[in-house]
Amino acid sequence: MTIPTITLNNGVEMPQLGFGVFQVPNDETEAAVTAALEAGYRSIDTAAVYGNEAGVGRALAKSGIAREELFITTKLWNADHEQPVAAYEKSLDLLGLDHVDLYLIHWPTPARDLYVGAWQGLEELYAAGRTRAIGVSNFLPEHLDRIVALGGTVPAVNQIELHPALQQRATAAADERLGVATEAWSPLAQGAMLENPAITAIADRLGRTAAQVILRWHLQQGRIVIPKSVTPSRIAQNIDVFGFELTDADLAAIDALESDGRTGPDPAEFNAA
Ligand SMILES: NC(=O)c1ccc[n+]([C@@H]2O[C@H](COP(=O)([O-])OP(=O)(O)OC[C@H]3O[C@@H](n4cnc5c(N)ncnc54)[C@H](OP(=O)(O)O)[C@@H]3O)[C@@H](O)[C@H]2O)c1
1 MTIPTITLNN GVEMPQLGFG VFQVPNDETE AAVTAALEAG YRSIDTAAVY GNEAGVGRAL
61 AKSGIAREEL FITTKLWNAD HEQPVAAYEK SLDLLGLDHV DLYLIHWPTP ARDLYVGAWQ
121 GLEELYAAGR TRAIGVSNFL PEHLDRIVAL GGTVPAVNQI ELHPALQQRA TAAADERLGV
181 ATEAWSPLAQ GAMLENPAIT AIADRLGRTA AQVILRWHLQ QGRIVIPKSV TPSRIAQNID
241 VFGFELTDAD LAAIDALESD GRTGPDPAEF NAA
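Here the sequence shown is numbered in UniProt numbering, starting from 1 and rising by one per residue.
Right, dumping it as structure tokens:
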């Protein structure tokens with residue numbers, strides 16, 4: 001299985017489709033990530049706050065897959081905006097790795113106003129060659145503009161909630177303007193769109209599942225996606241999305257489903273630490 005890559009703004013190649021482990025308990029993560037690696041995924045998305053970096057690390061070690069074939073992302077939690085280097089080192093310890101491929105600021109938490117300093121910490125890690133790429137998550141255009149205006153490193157990625165019910169056109173446009181790759185979290189809207197009649201009609205016509213149709217909608221627009229599942233058959237199904245195409249009319253029909261169906265917090269208001 002060859003997964004297409006997206007070339008990030010620093011030249012690093014990132015698989016366009018990866019495997020997310022949000023809400024997977026640490027003791028179930030090794031099995032889920034093992035199933036994903038066996039199905040052909042090579043990019044894994046975790047975060048310090050998910051509490052399952054150790055489980056991810058066990059699966060990676062057990063797999064025997066060469067490190068350079070893997071693309072591992074983790075994220076700096078909000079409480080650690082003032083100690084990004086120490087937090088990075090703790091994540092590496094738990095993962096059993098000497099670097100991750102992409103390190104993200106998980107949320108801007110704008111009312112705390114510490115994300116600029118956190119970004120400068122990530123820039124230090126990147127400049128020292130300790131991670132292959134740095135980026136952000138849940139950044140709105142004003143947060144992106146503020147860190148880009150510092151004149152240092154432009155984030156390689158902005159990982160945001162994005163699916164047919166929440167299409168984030170303003171943030172995706174800001175990402176594009178600044179050369180930041182958009183990565184969709186909850187690409188399947190946590191399952192909420194799988195019975196939508198516009199999507200199931202396309203799936204039935206193509207002999208595919210609704211989840212596969214939604215993933216194709218993302219991929220054909222150049223986005224990175226990281227669907228999560230703990231169910232081996234779904235894990236395999238979600239990576240089997242490179243042998244068919246949606247038409248322009250299919251893409252437009254899904255574009256028309258925007259409904260502000262947010263599944264997670266609003267980054268403008270989420271300030272938990
Ligand atoms: N940066 C952030 O703030 C942030 C926030 C949220 C998520 N994320 C990342 O994005 C990843 C994906 O998002 P997510 O986990 O919220 O949601 P998601 O991938 O949109 O959906 C996952 C849900 O859909 C189900 N599912 C998956 N594939 C399916 C299929 N083929 N058919 C039917 N149901 C299917 C899963 O069930 P089962 O597992 O029971 O099979 C699970 O309940 C996360 O794991 C995490 O890595 C990042």
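Heads up, the beta-carbon is just placed ideally off N, CA and C, and yes, glycines get one too.
Since the structure is predicted, the reported quantities are computational estimates derived from the model, not experimental observations.
DSSP state of residue i, grouped into three classes?
| i | result |
| --- | --- |
| I239 | helix |
| N158 | strand |
| T73 | strand |
| Y103 | strand |
| T7 | strand |
| A249 | helix |
| L166 | strand |
| Q83 | coil |
| I65 | coil |
Going by beta carbon distance, what residues of the same chain come within less than 8 Å of residue i, once the five residues before and after it are set aside?
| i | result |
| --- | --- |
| K62 | E30, T34 |
| E176 | T182 |
Which same chain residues, not among the five before or five after residue i, have their C-beta less than 7 Å away from its C-beta?
| i | result |
| --- | --- |
| L251 | W217, Q220 |
| A54 | N26, L94 |
Taking residue i as the reference, give the member of the options with the closest Cα.
| i | options | result |
| --- | --- | --- |
| R208 | D45, A253, A198, Q237 | Q237 |
| S233 | V136, G64, E38 | E38 |
| F244 | P155, A173, I202 | I202 |
| D101 | E82, Q83, E68, V213 | E68 |
| I226 | D45, G11, T7 | D45 |
| A23 | K228, A272, D204, L150 | Here residue 23 is Gln; the residue named in the question, Ala, does not match the sequence. Measuring from the Cα of Q23, the nearest candidate turns out to be K228. |
| A172 | R132, P15, G222 | G222 |
| L76 | H106, N9, S43, L70 | H106 |
| T153 | E124, P4, P84, P15 | E124 |
| L246 | M14, E269, D204 | D204 |
Measuring straight from C-alpha to C-alpha, what distance separates residue i and residue j?
| i | j | result |
| --- | --- | --- |
| V136 | N158 | 5 Å |
| H163 | L188 | 6 Å |
| K90 | M193 | 36 Å |
| P110 | L257 | 29 Å |
| Q190 | L70 | 25 Å |
| N10 | Y126 | 11 Å |
| residue 277 | T200 | The shown model of the chain, from 1 to 273, leaves out residue 277, and the question about it has no answer. |
| I65 | F19 | 16 Å |
According to DSSP, which residues form a beta bridge with residue i?
| i | result |
| --- | --- |
| A203 | According to DSSP, A203 bridges with nothing at all. |
| L17 | V225 |
| E183 | Q159, I224 |
| V136 | I105, N158 |
| S43 | F71 |
Just to confirm my understanding: we take residue i, look at its own chain, exclude 5 residues before and 5 after, and list those with CB closer than 6 Å. What are they?
| i | result |
| --- | --- |
| V241 | Q212, L215, R216 |
| G51 | N26 |
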